[in-house]
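Protein chains: 2
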Amino acid sequence: MPNLPAPVTPPDRILMGPGPSDIAPRVLAAMAAPTVGHLDPYFLQVMNETQQMLRQVFRTENQLTMSVSGTGSAGMEACVVNLVEPGDRVVVCINGVFGGRMADVAARCGAEVTTIERPFGEVFTPEEVADVCKRVSPKVLGIVHAETSTGALQPLEDISRIVHDAGALLLVDCVTSLGGCPIEIDKWEIDAAYSGTQKCLSCPPGLAPVTFSERAVAAIDERTTKVASWYLDITMVRNYWSDSSRAYHHTAPINMNYGLHEALRIVLEEGLDARHARHRRNHLALRAGLEAMGVEYAVAEEQRLPMLNAVRIPEGVDDKAVRSQLLSDYGIEIGGGLGPLAGKTWRIGLMGEASTPRNVLLFLAALDACLKAQGHETSPGAGVAAANANYQIV
Amino acid sequence: MPNLPAPVTPPDRILMGPGPSDIAPRVLAAMAAPTVGHLDPYFLQVMNETQQMLRQVFRTENQLTMSVSGTGSAGMEACVVNLVEPGDRVVVCINGVFGGRMADVAARCGAEVTTIERPFGEVFTPEEVADVCKRVSPKVLGIVHAETSTGALQPLEDISRIVHDAGALLLVDCVTSLGGCPIEIDKWEIDAAYSGTQKCLSCPPGLAPVTFSERAVAAIDERTTKVASWYLDITMVRNYWSDSSRAYHHTAPINMNYGLHEALRIVLEEGLDARHARHRRNHLALRAGLEAMGVEYAVAEEQRLPMLNAVRIPEGVDDKAVRSQLLSDYGIEIGGGLGPLAGKTWRIGLMGEASTPRNVLLFLAALDACLKAQGHETSPGAGVAAANANYQIV
Numbered sequence: 577m578p579n580l581p582a583p584v585t586p587p588d589r590i591l592m593g594p595g596p597s598d599i600a601p602r603v604l605a606a607m608a609a610p611t612v613g614h615l616d617p618y619f620l621q622v623m624n625e626t627q628q629m630l631r632q633v634f635r636t637e638n639q640l641t642m643s644v645s646g647t648g649s650a651g652m653e654a655c656v657v658n659l660v661e662p663g664d665r666v667v668v669c670i671n672g673v674f675g676g677r678m679a680d681v682a683a684r685c686g687a688e689v690t691t692i693e694r695p696f697g698e699v700f701t702p703e704e705v706a707d708v709c710k711r712v713s714p715k716v717l718g719i720v721h722a723e724t725s726t727g728a729l730q731p732l733e734d735i736s737r738i739v740h741d742a743g744a745l746l747l748v749d750c751v752t753s754l755g756g757c758p759i760e761i762d763k764w765e766i767d768a769a770y771s772g773t774q775k776c777l778s779c780p781p782g783l784a785p786v787t788f789s790e791r792a793v794a795a796i797d798e799r800t801t802k803v804a805s806w807y808l809d810i811t812m813v814r815n816y817w818s819d820s821s822r823a824y825h826h827t828a829p830i831n832m833n834y835g836l837h838e839a840l841r842i843v844l845e846e847g848l849d850a851r852h853a854r855h856r857r858n859h860l861a862l863r864a865g866l867e868a869m870g871v872e873y874a875v876a877e878e879q880r881l882p883m884l885n886a887v888r889i890p891e892g893v894d895d896k897a898v899r900s901q902l903l904s905d906y907g908i909e910i911g912g913g914l915g916p917l918a919g920k921t922w923r924i925g926l927m928g929e930a931s932t933p934r935n936v937l938l939f940l941a942a943l944d945a946c947l948k949a950q951g952h953e954t955s956p957g958a959g960v961a962a963a964n965a966n967y968q969i970v
Numbered sequence: 577m578p579n580l581p582a583p584v585t586p587p588d589r590i591l592m593g594p595g596p597s598d599i600a601p602r603v604l605a606a607m608a609a610p611t612v613g614h615l616d617p618y619f620l621q622v623m624n625e626t627q628q629m630l631r632q633v634f635r636t637e638n639q640l641t642m643s644v645s646g647t648g649s650a651g652m653e654a655c656v657v658n659l660v661e662p663g664d665r666v667v668v669c670i671n672g673v674f675g676g677r678m679a680d681v682a683a684r685c686g687a688e689v690t691t692i693e694r695p696f697g698e699v700f701t702p703e704e705v706a707d708v709c710k711r712v713s714p715k716v717l718g719i720v721h722a723e724t725s726t727g728a729l730q731p732l733e734d735i736s737r738i739v740h741d742a743g744a745l746l747l748v749d750c751v752t753s754l755g756g757c758p759i760e761i762d763k764w765e766i767d768a769a770y771s772g773t774q775k776c777l778s779c780p781p782g783l784a785p786v787t788f789s790e791r792a793v794a795a796i797d798e799r800t801t802k803v804a805s806w807y808l809d810i811t812m813v814r815n816y817w818s819d820s821s822r823a824y825h826h827t828a829p830i831n832m833n834y835g836l837h838e839a840l841r842i843v844l845e846e847g848l849d850a851r852h853a854r855h856r857r858n859h860l861a862l863r864a865g866l867e868a869m870g871v872e873y874a875v876a877e878e879q880r881l882p883m884l885n886a887v888r889i890p891e892g893v894d895d896k897a898v899r900s901q902l903l904s905d906y907g908i909e910i911g912g913g914l915g916p917l918a919g920k921t922w923r924i925g926l927m928g929e930a931s932t933p934r935n936v937l938l939f940l941a942a943l944d945a946c947l948k949a950q951g952h953e954t955s956p957g958a959g960v961a962a963a964n965a966n967y968q969i970v
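Sequence lines, in order, name chains A and B.
Each residue of the first sequence is one higher than the one before, counting from 577 in this note's numbering.
Each residue of the second sequence is one higher than the one before, counting from 577 in this note's numbering.
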């Protein structure tokens, strides 16, 4: 017998970082269902059902709604490469890592990219968007709904009107928001949106739900050049996701799609409104606890994400030491800061299955211990007490 | 409770098509292990071990060996977009669907593509490759080792020498060959190769193992333009797969990587030589059975793939009716022809876990029944008898 590594036996984690989030046992069980062929009538039924459920979760009637066979960033690239041809003017609003990524992706497929920027943790005003639309007259304006890198929520309704008045298409990153707070594709007239499975949908990473409006589909149909990526070319992929054609494009990740199917069933069983309320309730309890412990948010109150709490690391506290202790002593994963926020913030996720009172209380109790280990002044138990009190109020 | 589809409960299939192939229960169980974070020390260990095992399966020392977060076609695109800059001369050898796809991918990232062609089911001679290398002097020559669309195996050793003598890089598609027949990355001096998980590795689709030689890495390092795809940009992805950096790029498909880890353990437990011999033994038994039934191969004997048997559909037999009956009455999936072979050939896979005497005998017995239902003259039991006899001989 050759010298082989041991079988996979992951440690028991509570995933309270920026994603992946905790996965429901039902979803993990679905991932392990026997693989069938990618053209098997049964798998085509799974695809149809998944499309229907994705439409409900995106709150859209868009025909072109499906999962891209890659993680959230592949969803971003799929939206950009399909909407953009070389020389097209694209505006990207950057207030975090993922806006910056979108600008990079757009430039790589030959767009003339104009960026507007806000400091990490802030959001854009409708006026700023109106200004750049007037100045650039873009084909597409891309913006991030929930910036996973900063914890800020971007209001979209006014911006959507402005973008459409300027004759542009609105592309929205809802990787972190979908399933955790309201995102209304049809009501807000979003033309293209992508998400990931591993945030508030609580499915393992590996697929990217996307949806395109009729306007977006028309823009794709009017292309005069081939889509820069073969793998992500929606003009071909959509034939596989279409009842009338089912033309082979690439072999779909069968078991990942099983997992997404079950994750969507769980989301819709709970109901979107109830799910959003749950995320908000646990966010408010966590906030009460953190504030009682003197830990401050890095984002203004009215723009905070309910599913991702970006807080300032208290003065004198070692970022990595605390995250290591949370992981080793309590099996709790939280995220560090990204970009200019590295070493300055923690990102505490309460996403999907992980958004529970149990996790809120445990995290606050564990943070107490970790801050104490750092010699940081706390009033022991104050966080837990405040969170518990907050649950009583609401 | 909203009106939801039923949970995923796939039918019991035997996957004898062009992939996905049957998955070992151990691999399905690994897919359902609890998800951890993509920067969790445990997951980094899984990545390290996976890299080590991939090197053994590819038979290479290449440092840059990893899994791309997409299916086999994403692996193709990852190799092409990283090696090719706009204006680069690329030769693609087309003798099936996947060669054609590679040419399409190369053209989309701005290559000056020259193609040479052979009819579907045939392979290229060293002379043909020498001619085109002399004529074009390409930066990269791409060729398919095992054409899944036709069932033909391309010898590579002579071609490799010719390509290198011409100063070009050799890019090889080994999606279907890896784990099923010899593919020697280092010995044959292949510069870049990609595979898929769902063929002879018998892991569900969703990842693409890739490997790059030092020459290929040097070519990537000398690029003057950004890689056309952000998602597949190896210059960034490799920092995540590197012990010294682990820089976040995109969130890896954690559970898919668990599955690949276990699938590679199974491959190496069996041993590559033994695994190749098993594929060959079952191929020869199937061949004996098919020949006894008067079913002819579509590929010349010396070029047949052991893991994918492309045979001519007997005159007067309805392609789809037979494949439907195999699926509905026996739960057996086989593949139809692709491209010009659609309606003319069947593709019978004996890949990975599915390459067993049990499947060979069952398939021949079931085919007997399906051909009889088509009114096709057979001598009942002749196929099974010949296959059994063949197992006795070998």
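Cβ coordinates follow ideal geometry from the N, Cα and C atoms, glycine included.
Which term fits residue i, buried or exposed, when burial requires 16 or more other beta carbons within 10 angstroms of its beta carbon?
| i | result |
| --- | --- |
| ALA722(B) | buried |
| ILE969(B) | exposed |
| GLU909(B) | buried |
| ASN831(A) | buried |
| ASP905(A) | exposed |
| GLU838(A) | buried |
| ALA876(A) | exposed |
| GLU653(B) | buried |
| ASN579(A) | exposed |
| THR636(B) | buried |
| THR954(B) | buried |
| PRO758(B) | exposed |
Excluding the five sequence neighbours on either side, which residues of its own chain have a C-beta within less than 7 Å of the C-beta of residue i, listed in chain order?
| i | result |
| --- | --- |
| ALA679(A) | VAL668, ILE670, VAL689 and THR691 |
| SER931(B) | ARG854, HIS855, ASN858 and MET883 |
| VAL981(B) | Residue numbering for chain B in the displayed model covers 577 to 970; residue 981(B) lies beyond these limits and cannot be assessed. |
| ALA958(B) | ALA868 and MET869 |
| VAL889(B) | The question names Val, but residue 889(B) in the sequence shown is Ile. Around ILE889(B): ASP895, LYS920, THR921 and TRP922. |
For residue i, which residues in the same chain have their Cβ closer than 6 Å to its Cβ, ignoring the five residues on either side in sequence?
| i | result |
| --- | --- |
| ALA687(B) | VAL660, ASP664 and VAL666 |
| ALA861(B) | VAL936, ALA963, ASN966 and TYR967 |
| PHE696(A) | GLY672, THR726, PRO916 and LEU917 |
| ALA864(A) | ALA962, ALA963 and ASN966 |
| LEU732(A) | TRP764 |
Excluding the 5 residues preceding and the 5 following residue i in the sequence, name in chain order all residues of the same chain whose CB lies nearer than 8 Å to its CB.
| i | result |
| --- | --- |
| ARG822(A) | LEU615, LEU620, ASN815 and TYR816 |
| VAL612(A) | TYR618, PHE619 and ILE830 |
| VAL793(A) | GLN639 and LEU640 |
Name the residue from the options whose alpha carbon lies nearest to the alpha carbon of residue i.
| i | options | result |
| --- | --- | --- |
| ARG602(B) | LYS802(B), TYR834(B) and VAL720(B) | TYR834(B) |
| GLU625(B) | GLY915(B), GLN879(B), LEU917(B) and LEU840(B) | LEU840(B) |
| ALA742(B) | PRO714(B), VAL720(B) and ALA769(B) | PRO714(B) |
| LEU947(B) | HIS837(B), MET812(B) and GLU891(B) | GLU891(B) |
| MET623(A) | GLU637(A), VAL644(A) and LEU604(A) | VAL644(A) |
| GLU693(B) | VAL681(B), ALA683(B), CYS685(B) and GLY718(B) | GLY718(B) |
| ASP767(B) | LEU836(B), GLN628(B) and GLN639(B) | GLN639(B) |
| LEU881(B) | GLN730(B), SER955(B) and ALA608(B) | GLN730(B) |
| THR724(A) | ILE796(A), GLY756(A) and ALA582(A) | GLY756(A) |
| ARG791(B) | ILE761(B), ARG631(B), GLY772(B) and SER771(B) | ILE761(B) |
| VAL584(A) | ALA582(B), VAL813(B), LEU604(B) and LEU746(B) | LEU604(B) |
| VAL893(A) | GLY847(A), HIS952(A) and GLU845(A) | HIS952(A) |
| PHE788(A) | PRO933(A), VAL656(A) and ASP944(A) | VAL656(A) |
The segment 925-939 of chain A contacting the segment 588-604 of chain A, beta-carbon criterion three pairs below 8 Å | yes
At a cut of 8 Å, does the segment 824-833 of chain A reach the segment 578-590 of chain A through at least three beta carbon pairs?
-> no
Counting pairs of beta carbons, one from the segment 707-717 of chain B and one from the segment 898-908 of chain B, are three or more of them closer than 8 Å?
-> no
So, do the segment 771-788 of chain B and the segment 738-754 of chain B have three or more beta carbon pairs nearer to each other than 8 Å?
-> yes
Starting from the N-terminal side, write out each stretch of the beta strand (DSSP E) that is 3 residues or longer and does not extend beyond the segment 835-907 of chain A.
-> 884-888
Should the segment 797-805 of chain A be regarded as contacting the segment 933-952 of chain A, the criterion being three or more beta carbon pairs within less than 8 Å?
-> no
Whole runs of the alpha helix (DSSP H) within the segment 622-674 of chain A, excluding any shorter than 4 residues | 648-659
Ordered list of beta strand (DSSP E) runs contained in the segment 764-825 of chain B, each at least 3 residues = 768-770 and 784-788
Which residue spans inside the segment 917-960 of chain A form an unbroken beta strand (DSSP E) run of at least 3?
-> 921-925
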